[in-house]
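The numbering used here puts the first residue of the sequence shown at 10, with every later residue one more than the last.
For every residue, glycine included, the Cβ atom is placed at its ideal position computed from N, Cα and C.
Comments concern the structure below.
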Amino acid sequence: MIIGGGTAITGNPETFRDVLDVIFTGEAEESYISFLNLVLAEKKKEKILETSAKIKGVFVPTISSVYKKVYYKNFPEDFSESVFFTPRGEFGECKLIELTRGCPAKCKFCISRTLYSPPRFADKDLVKDVVKESKINKIGLLGASVSYHPDIKEIMEFIIKEGRIFSISSLRADKVDNDFLELLYRGGNRTITIAPEAGTERLRKLIEKGISEEDIEKTIELSLKKGFSGIRLYFMIGLPEETEEDIVAIVNIGKRIKLIESHMKKRFIKRSFTISPFVPKRNTAFSCYPMEEVKVLSEKINYLRKRLSSEGIEVLYDPPKTARLEYDLSRHNILTQI
Ligand code: SF4
């Protein structure tokens, strides 16, 4: 049997109808024990498929016509942590802890918040136990909404007191304050990462990103003051109702970083912007929007590369052709979700 699951597949399981025998839709912790028990008890593939189609959160393309997404109710107490460590792995010798699942923010393009709903936060005392029991020096705090965790500062403080270092995924600029940055720095972080997603406040409001110009500037200033040596910003292009002004505004944010640097007489050693084409995904508020043409996206990327590199900003980007493939996979043969 070929079995699949995860965000991309749950986003549109029908795409994988011809490839996968069994698809876990939603969070598999809720359904895989029943499925494994079935596999252990039953030897015939046809019988396994027939019975597993009745398990909530298991979609069998040859039998089911609708699918149900499930979420894991025990998450705050039972969160994921890595158990294999190898220097040759993607995360090297880093103890990964899934601190949050889902996200309380309302970004209209985001599949993570709609698929992993409601948002949940790992129990802080249990997180501390995991850190304490681990012999690994570096802790990776994972999740789409780490800066929303109600006890994030206490957890960071604890890791530092234990003599470890930690890394976290990108921050919400509106959640960053002096104490937060201080803890990040003491925890061994030297690059600050935020995701404004759009150049103008108008477009950020439209996509409900909820980050103001002031939030961005404050994060840049505080990070410089604290001594961070790198800054990384994430943007999307091709968003609904995007205009030329929104693209130019991305360059202007780059210019503002330089202005703030000269005003504060401090510099980041490394500044980078990552540009991703907007891919309208199923299960998001923007699913009905078309995707911008590859040619137009490529032109925008070329413009940004040229203008930002002259401001001393490195530009990384997702190739529009790959984004187009992502779009096709996410919309192929749309199926009913219940
Ligand atoms: S803050 Fe990030 S994870 Fe949360 S809804 Fe917005 S894009 Fe998604």
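Within 10 angstroms of the beta-carbon of P205 lie 16 or more other beta-carbons, which makes it buried. Looking at K77, S43, K115, I64, the one whose alpha-carbon comes closest to that of T34 is K77. S154 has its CB nearer than 7 Å to a heavy atom of the ligand SF4. Beta-bridge partners assigned by DSSP to M245: S285.
In the structure shown, T293 falls within a coil segment according to DSSP collapsed to helix, strand and coil. Remark: the shortest separation between the CB of S285 and any heavy atom of the ligand SF4 does not fall under 7 Å.
In the same chain as N187, and ignoring 5 residues on each side of it, the C-beta atoms closer than 7 Å to its own belong to L231, in chain order. Below 8 Å, too few C-beta pairs join the region 232-241 and the region 208-217 to call them touching: fewer than three. Its Cα nearest to that of R129, the residue E36 stands out among V75, I201, E36. G172 counts as exposed, since fewer than 16 other C-beta atoms from the protein chains shown sit within 10 angstroms of its C-beta. Cβ-Cβ distances below 6 Å link R333 to V303 in the same chain, with the five nearest sequence neighbours on each side left out; the list follows chain order.
In this structure, S121 has its CB closer than 7 Å to one or more heavy atoms of the ligand SF4.
Residue pairing by DSSP places G14 opposite F33 in a beta bridge. Check the Cα spacing between E163 and each of E210, D134, R291, I259: the tightest is with D134.
L47 is positioned such that its CB atom lies closer than 8 Å to that of T60.
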